[in-house]
Each structure stands twice: as structure tokens, then as C-alpha cells.
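Quick note: the sequence shown uses the numbering used here, first residue 21, plus one each step. The C-beta atom is built at its ideal place from N, Cα and C for all residues, glycine as well. Given the structure is predicted, the values throughout are model-derived calculations rather than measurements.
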Amino acid sequence: MLDDIFKLSRNFLKTFNKPYKRYFLEKYPLASRFSIITGQRGVGKTTVLIQKILSANDKDIFTKNALYVPVDHFAVAGRSLYEIAEEFYNLGGKMICFDEIHKYAGWSGELKSIYDILQELTILASGSSAMEILKGSHDLSRRAIVYPMTGLSFREYIDFTAGIKTKPLALQSILKNHEKFSYDIITSVESKKKKVLALFKDYLQFGYFPYFKEFNDISLYHITLEQSIRTTIESDLLSIYPTLNGSSINKIKKLLAVIAESAPFTPDLKRLKKIVEIGDERTLKNYLKYLEDGGVIISLTKRGSGLGALEKPEKIYLNNPNQIYAISSKGKENTGTIRETFFINMLLILHKISMPQKGDFYVDNKYTFEIGGKNKSFKQIKDINNSFLAIDDVETGIGNKIPLWLFGFLY
21 MLDDIFKLSR
31 NFLKTFNKPY
41 KRYFLEKYPL
51 ASRFSIITGQ
61 RGVGKTTVLI
71 QKILSANDKD
81 IFTKNALYVP
91 VDHFAVAGRS
101 LYEIAEEFYN
111 LGGKMICFDE
121 IHKYAGWSGE
131 LKSIYDILQE
141 LTILASGSSA
151 MEILKGSHDL
161 SRRAIVYPMT
171 GLSFREYIDF
181 TAGIKTKPLA
191 LQSILKNHEK
201 FSYDIITSVE
211 SKKKKVLALF
221 KDYLQFGYFP
231 YFKEFNDISL
241 YHITLEQSIR
251 TTIESDLLSI
261 YPTLNGSSIN
271 KIKKLLAVIA
281 ESAPFTPDLK
291 RLKKIVEIGD
301 ERTLKNYLKY
311 LEDGGVIISL
321 TKRGSGLGAL
331 EKPEKIYLNN
341 PNQIYAISSK
351 GKENTGTIRE
361 TFFINMLLIL
371 HKISMPQKGD
381 FYVDNKYTFE
391 IGGKNKSFKQ
401 IKDINNSFLA
411 IDDVETGIGN
421 KIPLWLFGFL
431 Y
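Structure follows, in C-alpha cells:
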């Protein structure tokens with residue numbers, strides 16, 4: 021009987037239906053028969069799934085056409101995903117959603133069976149990591165479309181907190197017309213008695229994960245974020261890679277501590293092996309890839325962003341500025357690192373970033389960027405075509421000097 025799960029589904033649909041709709045649903049309408057959303061813990065996957073269910077069913081939380089199944093809930097324990105889906109399908113169900121699928125052993129095989137056998141059922145699923153999907157387990161990659169989800173962009177944070185409605189800007193549009201865009205956005209923000217630079221400082225500290233709204237004390241938000249990172253390593257990695265053990269998990273945590281202490285971290289693999297007490301380079305590179313796939317770090321190579329199977333990263337950053345404040349020693353956060361981390365985090369979802377010979381970042385094999393404060397000059401990149409400065413602590417720019425905060429409007 022599905023009565024308990026239907027009741028649970030209704031409670032979730034009621035509780036997690038938030039009024040603000042992310043850009044994610046505009047860019048990815050989840051229109052395919054089998055969609056999987058991946059992303060860090062806390063980026064808002066559950067909210068997006070529930071908004072999708074309700075938008076497809078006239079906002080009716082009592083609908084019999086859709087069922088939301090939180091896989092890790094005790095009411096679901098002891099039942100297979102396939103059994104739940106089959107019973108729902110036989111009752112005329114049209115859309116089923118499995119949240120936090122990575123917590124269910126053998127989930128990929130069961131979702132494959134659901135997709136192949138219950139052919140008129142739309143499947144939505146979410147997981148806190150793309151790792152299992154990227155491995156192509158049970159040929160899911162041929163059936164499911166995987167959508168990576170990130171935290172709030174600075175644009176979304178402004179809309180969320182100031183109560184205005186802005187639109188994403190293309191990178192080329194920002195490069196050509198940033199002065200007008202900056203003026204229009206500042207005007208909208210100031211109409212709500214707020215300041216763009218003040219909002220930007222807040223965003224860098226606590227605006228990336230939507231659940232910041234639940235905390236009056238920033239330190240509690242940072243504690244929650246630190247615990248989320250710890251859970252990703254101690255729980256999610258173990259569920260996806262059963263060959264890992266307590267010793268290897270401790271080494272991965274030690275590796276992250278080394279990276280966090282000196283990010284952006286330029287890895288010396290031989291030295292790093294000794295510090296973390298890892299025997300071979302292959303294992304070290306695997307651990308770095310696990311941290312990246314888990315949304316904890318970002319690796320940049322000369323080729324671009326993201327580590328290949330056994331590739332050596334040129335630089336390693338924490339995933340987003342909020343993480344820097346959460347796991348770095350209080351008061352020792354490096355301003356330059358925070359600026360660079362913000363820039364990478366905002367661009368990576370839509371653009372390719374690599375390490376150039378000169379400058380800080382090379383974007384889409386075309387644009388060179390230097391990141392800095394308001395006194396930053398073109399000295400290092402003066403002879404390079406298509407070179408730009410992304411400048412912090414300024415509301416507006418001029419020419420090829422662009423305010424750093426504006427790159428938070430790419431999505």
C-alpha cells in the first residue's frame with residue numbers, strides 16, 4: 021500500500037514549495053522522460069523537484085498523478101524503488117520523483133528497470149553527486165539526462181533578498197555593455213533601499229546556498245556548511261565508492277585541509293603524497309577527483325576545468341566563497357582568493373576556464389582575465405588581445421575594466 025508514501029509526498033509538496041523559482045528550471049525544464057539533478061548538498065535540488073511536480077499538476081499537492089519519494093526517509097525503508105514505482109504506475113501514476121537516490125544501494129539498476137518496463141512513467145531523481153552517473157553505471161547515461169545544479173548566483177541572491185526580478189546576461193553582452201547593465205541593476209537595487217556592493221559582500225560570505233535564510237547567525241550557517249562538507253566526504257563518498265575505508269576517508273579529509281589552508285593551491289604531488297601519507301600518485305589524483313565530483317573543490321588545468329582520469333591540476337580552489345569562510349581559519353580568509361573563487365564559480369557552469377601564460381584565467385579559449393581590487397592595472401596583460409580586468413570594490417567600470425560583481429549575473 022502506498023498510503024503512507026502518498027501522505028509523506030503531500031507533506032513534502034506543501035512544505036518545500038517555495039515562491040522563488042530558480043533560473044535552473046528556466047534553463048532546464050526537465051522535459052525528458054528521465055531526468056536526474058546532481059549537485060552539492062543544500063543547493064536546492066529538493067525545492068526544484070517539488071516545484072517541477074507542482075507546475076506539472078496545477079499546483080495540486082493532493083494530485084494522484086505524481087509521487088515524491090524521499091529515498092532516505094524511514095517510511096520508505098524496506099521497500100524497493102521498483103516496487104513503489106510499479107504500484108504507483110498501476111494506480112495510474114504519471115510522474116515519480118526519487119530524492120537523494122545515492123543513499124539507496126543499487127539505485128541505478130532499479131531506475132534502469134523502472135525506465136525500461138514502466139514506459140509511460142516520467143522519472144525525476146536527484147543525488148548529491150554526479151559520481152555514480154558519470155561512471156555510467158548500468159548504462160544509465162544512455163537513458164537519463166543529467167542536469168548539474170549549483171548554488172545561487174549573485175543575481176539570484178539579489179532577486180531573492182531585494183525582491184526584484186532581473187535577467188541573466190551573456191558573457192559577451194557583459195564585456196560589450198557592462199556600463200549600461202551595471203547602471204540598470206544598481207538603479208533597481210537602490211529602489212529597494214539597498215546597495216550592490218553591500219549585497220555582494222554578504223553574498224560572498226553566506227549567499228550561495230539558499231538555506232542561508234534559515235539562520236540569523238552567520239556562524240551557524242558556516243557550521244552547517246562545514247558539516248555538510250564533512251557528510252559529503254564521510255557518507256556520500258562511502259556510499260558511492262564502497263572500497264574506501266575509514267583510513268582513506270581520513271586521508272581525503274586531510275587532503276582537503278591542506279588545500280583549504282593555502283587555496284588557490286598549486287599542487288606539488290610528491291610533497292602532497294608525503295603530507296597526506298598516500299603511497300602512489302594515482303590514488304592521490306583519484307582522491308582529488310572525488311573531492312571535485314563531490315562539489316568540494318574546483319581544479320583548473322592548462323587544458324581547462326575539471327580533472328581527467330589521471331591529470332595533474334595546475335591550481336585547486338574551494339568550490340565557492342562561502343566554503344572559504346566556513347572552513348578557513350576565522351579572519352585569515354584571503355581577499356584575492358575569495359575574488360578568484362567567485363569568478364571561477366560563476367563562469368564554470370556555462371564556460372570553459374583554463375590557466376593562461378599571462379593573467380589569471382583564460383575563458384573559452386578567447387578572453388584573458390585578471391582579477392583584483394580597484395587599483396588593479398593592465399600591466400600584466402597589456403599586450404594581450406581580448407583582455408579584461410574584473411575589479412572588486414567598484415559599482416561600475418569603464419572600457420575593459422568590469423566590476424567583479426557583474427559576473428554574478430551570468431545565470
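Cβ-based burial, Q225 [other Cβ within 10 Å; buried from 16]: Counted from its first residue, the sequence shown places residue 225 at position 205. By the neighbour-count rule (16 or more Cβ atoms within 10 Å), Q225 is buried.
Separation of L311 from L276, as counted between CA atoms: Here residue 276 is taken as the residue at index 256 of the sequence shown, counted from 1. Here residue 311 is taken as the residue at index 291 of the sequence shown, counted from 1. Near 8 Å, if we compare the C-alpha coordinates of L311 and L276.
Cβ-Cβ separation, K335 to S374 (assumed contact under 8 Å), whole Å: Stepping through the sequence shown from its first residue, residue 374 is reached at position 354. Stepping through the sequence shown from its first residue, residue 335 is reached at position 315. With a Cβ gap of about 10 Å, S374 and K335 do not count as contacting.
Exposed unless 16 or more other CB atoms sit within 10 angstroms - verdict on S211: Taking the first residue of the sequence shown as 1, we reach residue 211 at position 191. The residue is exposed, with fewer than 16 neighbouring Cβ atoms inside 10 Å.
Cβ contact check for the stretch 79-93 and the stretch 50-58: 3 or more pairs under 8 Å: no
Where L141 falls, given that 16 or more other Cβ within 10 Å makes a residue buried: Along the sequence shown, one-based indexing puts residue 141 at 121. With at least 16 other beta carbons inside 10 angstroms of its own, L141 counts as buried.
Beta-carbon proximity of Y102 to S133, cut-off 7 Å: Position 82 of the sequence shown, counted from the first residue, corresponds to residue 102. Position 113 of the sequence shown, counted from the first residue, corresponds to residue 133. Contact flag set, yes.
Same chain only: Cβ atoms within 8 Å of G356, ignoring 5 sequence neighbours per side: Locating residue 356 in the sequence shown gives position 336, counting from the first residue. Contacts found: I391, G392.
For F54, the first and last residue of its enclosing alpha helix (DSSP H): Within the sequence shown, residue 54 is the residue found at index 34, counting from 1. No alpha helix (DSSP H) holds F54; the beta strand (DSSP E) holding it covers 54-58.
Three-way DSSP call (helix, strand, coil) for V216 in this model: As a position in the sequence shown, residue 216 is number 196, starting the count at 1. The DSSP-derived three-state label of V216 is helix.
Alpha helix (DSSP H) runs wholly inside the stretch 75-151, at least 4 long, in chain order: 101-110, 127-137
Where S208 sits in the DSSP three-state scheme: On the sequence shown, residue 208 is found 188 positions in, with the first residue counted as 1. If DSSP states are grouped into helix, strand and coil, S208 belongs with the helices.
Reduced DSSP category for A329 - H, G, I as helix; E, B as strand; rest coil: Along the sequence shown, one-based indexing puts residue 329 at 309. The predicted position of A329 is uncertain, since its pLDDT is 46 and thus under 50; no value can be drawn from it.
Continuous beta strand (DSSP E) stretch holding G351: start and end: In the sequence shown, the residue the question calls residue 351 occupies position 331. Run containing G351: none; DSSP gives neither H nor E here.
Buried/exposed call for I165, threshold 16 Cβ in 10 Å: What you label residue 165 is simply residue 145 of the sequence shown in a count that begins at 1. So I165 ends up on the exposed side.
Stretch pair the stretch 190-205 + the stretch 240-258: three plus CB contacts closer than 8 Å: no
Proximity below 7 Å, CB of I57 to CB of K65: For the purposes of this step, residue 57 is identified with residue 37 of the sequence shown, where counting begins at 1. For the purposes of this step, residue 65 is identified with residue 45 of the sequence shown, where counting begins at 1. Yes, the pair counts as a contact, with Cβ atoms nearer than the cut-off.
CB of C117 within 7 Å of CB of Y88, strictly: To locate residue 117, count along the sequence shown from 1; it is residue 97. To locate residue 88, count along the sequence shown from 1; it is residue 68. Cβ distance < 7 Å, so C117 and Y88 count as in contact.
Three-state secondary structure (DSSP) of L50: In the sequence shown, the residue the question calls residue 50 occupies position 30. DSSP places L50 in coil when its eight states are reduced to three.
CB contact flag (K372, D384, <7 Å): The count along the sequence shown starts at 1 and reaches residue 372 at position 352. The count along the sequence shown starts at 1 and reaches residue 384 at position 364. Yes. Within cutoff.
Endpoints, the beta strand (DSSP E) within which F381 is located: In the sequence shown, the residue the question calls residue 381 occupies position 361. From DSSP, the beta strand (DSSP E) with F381 extends over 381-383.
Outcome for F201 when other beta-carbon atoms lying within 10 angstroms are tallied against a minimum of 16: Counting from 1 along the sequence shown, the entry for residue 201 is found at position 181. Answer is buried; the Cβ neighbour count reaches 16.
Y167 - partner residues in DSSP beta bridges: Residue 167 sits at position 147 when you count from the first residue of the sequence shown. Per DSSP, I57.
8 Å contact criterion, which S259 and K123 should meet: CB distance rounded: Translated into positions along the sequence shown, residue 259 becomes position 239. Translated into positions along the sequence shown, residue 123 becomes position 103. Yes, they are in contact, since the Cβ atoms of S259 and K123 sit about 6 Å apart, within 8 Å.
Cutoff 7 Å; reference E106; Cβ partners in own chain excluding five residues on either side: Along the sequence shown, one-based indexing puts residue 106 at 86. So the qualifying residues of the chain are L138.
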